[in-house]
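K.L.:
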Amino acid sequence: MPVIGWRTFAGAAQVDQHSLLDHPRHLPTTSGRAAILLALECLHVGPGDLVLLPTYHCPTMVSPVKTLGADAAFYPIDEHGAPRLDWLSAHVPAHVPASIKALLVPHYFGLPQPMEAVRAWCDARGIALIEDCAHAMFGRAGARPIGSWGDVAIASLTKFFPTPEGGILALNRTGLTMPALTPASRIDQVKAGSDILHMGAAHDRLTGLNRLIRGAFALKSALRRLVKGGPAAGSQAPPSRHGELDEAEEIDANMALIDLPLSHRALTHASGWISRRVPRRRIVEARRHHYAFFTEAFSHRDGVHPLLPALPADCAPYVFPLWVRTPDPGYAEMRKLGVPVSRWDRLWPGVPALPGDAGKSWSHHVLQLACHQDLTEADLRRIVEQVERLFITPAAPAR
Ligand SMILES: Cc1ncc(COP(=O)(O)O)c(C=O)c1O
């Protein structure tokens, strides 16, 4: 996950990269999942309704549906991650029941999907399209800016900016009402600002201030212990985001129902300020560079291949998807070693095996390698070395 440091503010400040933050009708939210929940509420999804979701998913895409008492029906994706519209057409009745409210389509890994056909499919049936841009903050999807195809679109700020929280809800269909959120409390405001600084100092990114900030937080927690009593160990740990939980904790948190009050709370000023002010060019260029580096490193190798080697113009990838022939037990070892990698292997219970679906296979074979802007060349080389050690069959010596 990106962490604040002086270099966060390096580079051109001008807005030369379209992002969902420029959407004319957008609302900052506390997370991407909160934005999905608010999107569903805007579309009047409730108990007894059905939302169509892809078989390849993170549980945070499903839990907002369940939180509102609606049901999820899973659809298959093709080898590019696009919805299998042939399957959907065959399985959604011609007279669409009023209960089928929405189709959620993600731009996986930050690579914008062509959306014309999906938009037309939804229009023909009166089903709302939720464009999930949690991985895709920047760029265009075909003829339109990212986030302008769905009746509603959502995004996640923490995946691109050094903020402890944040998401976006964007409304495209006229007639939808922007939700009113409760303001963040003064404590939330102060905590967000101090979490951002504490995270930067804990990672040694704020040269000149690291010791001062870490000292201030150490003093604060010592005083708190003195007043409240309690354990000394671990109390100086920097704040954690979902990206910093261990894997089991992270999955459990993601499977849980959504925190409703938090989803209806406005984003804090500090997180909003960071996401608006940080120069974007460095984020986009560094991520594209890292993606190209991995594509080069993992092409023509035995045992792995880049899942989607072609990077569309001016998007910023969220992660690098690597297809691995035998991902276990190497994946668990990578996690244990702290290599920044994840896999969407815990699907929502009851996801069916569907003909022609790439989703279930991806959830086993696709590793998502970090490619965010704060990784160094040394970090990239270490990731490549681990992949080579664990998954790549060495070429046989020439005779
Ligand atoms: C495709 C997709 N949509 C939505 C979300 C939810 O975003 P957030 O973590 O900001 O709640 C995620 C989170 O990983 C995601 O991968």
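Here the working numbering is used: the first residue of the sequence shown is 371, the next is one more, and so on. Even glycine gets a Cβ: it sits at the ideal position worked out from N, Cα and C. Nothing here was measured: the structure is a model prediction, and the numbers come from that model.
Closer than 6 Å to a non-hydrogen atom of ligand 1 - does that hold for the CB of Ala504?
P.N.:
yes
K.L.:
What does the alpha-carbon distance come out to for the pair His634 and Cys412?
P.N.:
Between His634 and Cys412, the C-alpha separation is close to 12 Å.
K.L.:
Since Ser389 and Glu535 should fall inside the 8 Å C-beta cutoff, what is the C-beta to C-beta distance between them, to a whole number of angstroms?
P.N.:
Actually they do not touch by this definition, with Cβ atoms about 18 Å apart.
K.L.:
Expressed to the nearest angstrom, what Euclidean distance is found between the alpha-carbon atoms of Gly726 and Phe444?
P.N.:
The straight-line gap from Cα to Cα measures roughly 13 Å.
K.L.:
Can you say whether Lys471 is buried or exposed, counting buried as having 16 or more other CB atoms within 10 angstroms of its CB?
P.N.:
buried
K.L.:
How should Pro467 be labelled, buried or exposed, when 16 other C-beta atoms within 10 angstroms of its C-beta is the threshold for buried?
P.N.:
exposed
K.L.:
For Tyr478, name the three-state secondary structure that DSSP assigns.
P.N.:
helix
K.L.:
Let me know if Asp574 comes out buried or exposed under the rule of 16 or more other beta-carbons within 10 Å of its beta-carbon.
P.N.:
exposed
K.L.:
Out of Arg769, Pro691, Asp672, Ala686, which one is the CA nearest neighbour of Glu758?
P.N.:
Asp672
K.L.:
What is the DSSP secondary structure of Ser459, counted as helix, strand or coil?
P.N.:
helix
K.L.:
Does the distance between the C-beta of Ser401 and the nearest non-hydrogen atom of ligand 1 fall short of 6 Å?
P.N.:
yes
K.L.:
Okay, do the stretch 551–568 and the stretch 431–445 touch, 3+ Cβ pairs below 8 Å being the bar?
P.N.:
Judged by Cβ distances under 8 Å, the stretch 551–568 makes no contact with the stretch 431–445, as fewer than three pairs qualify.
K.L.:
Does Val709 pass the burial test, meaning 16 or more other C-beta atoms within 10 Å, or should it be called exposed?
P.N.:
It counts as buried.
K.L.:
Quick one: what's got a C-beta closer than 6 Å to Thr638's C-beta in the same chain, skipping five residues either side?
P.N.:
Ala554, Asp558, Gln559, Ala562
K.L.:
Could you compute how far the alpha carbon of Pro767 sits from the alpha carbon of Ala667?
P.N.:
The alpha-carbon of Pro767 is positioned some 20 Å away from that of Ala667.
K.L.:
Expressed to the nearest angstrom, what Euclidean distance is found between the alpha-carbon atoms of Ala458 and Asp502?
P.N.:
The sequence shown places Leu at residue 458, rather than the Ala named in the question. If I take the Cα positions, the gap works out to 18 Å.
K.L.:
Under a three-way DSSP split, which group does Gln559 fall into?
P.N.:
Looking at Gln559 - three-state DSSP - the assignment turns out to be helix.
K.L.:
Do you know whose CA, among Leu739, His660, Leu681, lies nearest Val694's CA?
P.N.:
Leu739
K.L.:
Could you pull out every residue in the same chain whose Cβ sits closer than 6 Å to the Cβ of Arg584, ignoring the five residues on either side in sequence?
P.N.:
Ala571
K.L.:
Grab the span of the beta strand (DSSP E) containing Gly537 for me, first residue to last.
P.N.:
537–541
K.L.:
Which term fits Pro631, buried or exposed, when burial requires 16 or more other beta carbons within 10 angstroms of its beta carbon?
P.N.:
A residue is called buried once 16 or more other Cβ atoms fall within 10 Å of its Cβ, and Pro631, having fewer, is exposed.
K.L.:
Starting from Val694, follow its DSSP beta bridges and name the residues at the other end.
P.N.:
Val674
K.L.:
Could you pull out every residue in the same chain whose Cβ sits closer than 7 Å to the Cβ of Arg646, ignoring the five residues on either side in sequence?
P.N.:
Leu391
K.L.:
Between Gly604 and the rest of its own chain, which residues show a CB-CB distance below 7 Å, the 5 nearest in sequence each way excluded?
P.N.:
Summary for Gly604: the model assigns pLDDT 47, below 50, so the residue's position carries little reliability, and this model does not support an answer.
K.L.:
What residue range does the alpha helix (DSSP H) around Tyr701 cover?
P.N.:
700–707
K.L.:
Any idea which residues DSSP pairs Tyr445 with across the strands?
P.N.:
Pro424
K.L.:
Assuming contact is defined by CB atoms lying nearer than 7 Å, are Tyr478 and Gly451 in contact in what I supplied?
P.N.:
yes
K.L.:
Quick check: the Cα distance between Gly416 and Leu627, rounded to an integer number of angstroms?
P.N.:
If you take the alpha carbons of Gly416 and Leu627, they lie about 14 Å apart.
K.L.:
For Ser633, would you say it is in contact with chain C, using Cβ-to-Cβ distances shorter than 7 Å as the test?
P.N.:
Included in the structure is just one protein chain, with no chain C present.
K.L.:
Would you grab the beta carbon distance between Leu745 and Pro549 for me? Rounded to a whole angstrom, and I think it's under 8 Å.
P.N.:
A Cβ-Cβ distance of about 36 Å is found for the pair Leu745 and Pro549, leaving them out of contact under the 8 Å criterion.
K.L.:
With a threshold of 8 Å on Cβ separation, who are the neighbours of Pro484 within its own chain once the five nearest residues in sequence on each side are excluded?
P.N.:
Ala452, Ala511, Gly512
K.L.:
Does the distance from the CB of Ala405 to the CB of Ile516 come in under 7 Å?
P.N.:
no
K.L.:
Please check the pair Ala656 and Gln756, which I expect to be a contact at CB under 8 Å, by giving their CB distance rounded to whole angstroms.
P.N.:
Not quite, the Cβ-Cβ distance comes to about 21 Å (not below 8 Å), so this is no contact.
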